[in-house]
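So that you can map any letter, position 30 of the sequence shown is 29 in numbering that gives the first Met the number 0, and since no number is skipped, the others follow by simple counting. Ideal Cβ placement from N, Cα and C applies to all residues, glycine included. A quick write-up on the structure given underneath.
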Amino acid sequence: MVDSDRHSRVPDALQRVYADAGRALLWWSFLAQRDPMAISNDRFRAGWSALVSVLGAPRMTAIAAALGVEVGA
Numbered sequence: 000m001v002d003s004d005r006h007s008r009v010p011d012a013l014q015r016v017y018a019d020a021g022r023a024l025l026w027w028s029f030l031a032q033r034d035p036m037a038i039s040n041d042r043f044r045a046g047w048s049a050l051v052s053v054l055g056a057p058r059m060t061a062i063a064a065a066l067g068v069e070v071g072a
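Following this line, the structure appears as structure tokens:
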């Protein structure tokens, strides 16, 4: 992919983000956060725990494996 192709897709990506209020809220929360999210971060662990509750441990284990991270309990 040529760099200019990537930039031409940005408006489309933003349209998809803003098409859904929840997705837009998540996007802006990431932007407002401004600090890197580390696995050892308490906010990360709280969020991960919530995702385990919602999506289930097997799915979150698969996501962690796909990301190449090991998230302790």
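Nearest to residue i (by Cα), restricted to the options the options
i	options	result
ARG44	VAL68, PRO10, LEU25, ALA31	VAL68
SER28	SER52, GLY46, GLY55	GLY46
Neighbourhood of residue i by C-beta distance below 6 Å, restricted to the same chain and skipping five residues each side
i	result
GLY71	none
ALA63	VAL70
LEU50	MET59
Contacts around residue i, its chain only, beta-carbon distance under 8 Å, and the 5 residues preceding and following it disregarded
i	result
VAL16	ARG22, ALA23, TRP26
Close-in-space but distant-in-sequence residues of the same chain around residue i (CB under 7 Å, 5 per side omitted)
i	result
VAL53	none
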